[in-house]
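In the numbering used here, the protein residues as written are 1 to 160. All C-beta atoms, glycine included, are put in the ideal place defined by N, C-alpha and C. As the structure is a computational prediction, the values presented were derived from the model and not from experiment. Working notes for the structure below.
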């Protein structure tokens with residue numbers, strides 16, 4: 001989720017992104033409940049994540065971004081994000097073998113909190129400056145939230 005790998009779509013507003021997030025929170029559990037446990041836990045290609053591991057990655061993304069969305073509101077500007085070890089987190093959290101209901105409940109709860117934080121962030125805080133490791137580019141908190149939703153959607157497409 002760094003500017004050079006951005007997912008945010010040009011012309012998308014924060015309101016649009018939050019509307020889509022709200023829909024995904026409701027729809028993903030319904031979509032995945034139609035699949036068997038083995039279909040959820042089996043990687044679709046060798047060396048790739050299973051559907052459950054993709055959801056696990058989205059949980060890690062939610063955890064890291066919830067922290068960013070909250071800390072950026074009260075930290076010195078620019079708020080400096082930190083990267084995280086995506087592959088390692090998926091592995092050590094054992095998302096691939098979690099009971100699917102627990103996995104989805106965790107994902108939903110985190111994203112409901114993100115929706116709550118993002119939709120109540122004061123307008124002046126949405127323009128807070130955000131800096132990323134390895135680049136001099138500065139974005140806003142609003143952009144970071146929009147990019148989070150677009151990143152989520154990129155991975156939701158992989159679950160179909």
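Secondary structure at residue 80, three-state DSSP: helix, strand or coil? strand
How should residue 91 be labelled, buried or exposed, when 16 other C-beta atoms within 10 angstroms of its C-beta is the threshold for buried? exposed
Between the segment 66 to 76 and the segment 124 to 135, do three or more beta carbon pairs fall short of 8 Å? yes
Any chance you could list the beta strand (DSSP E) runs of at least 3 consecutive residues sitting entirely within the segment 100 to 156, in chain order? 129 to 131 and 138 to 140
Other residues of its chain near residue 43: CB distance less than 6 Å, five sequence neighbours each side excluded: 50
Quick check: residue 112 and residue 25, are their CB atoms within less than 8 Å of each other? yes
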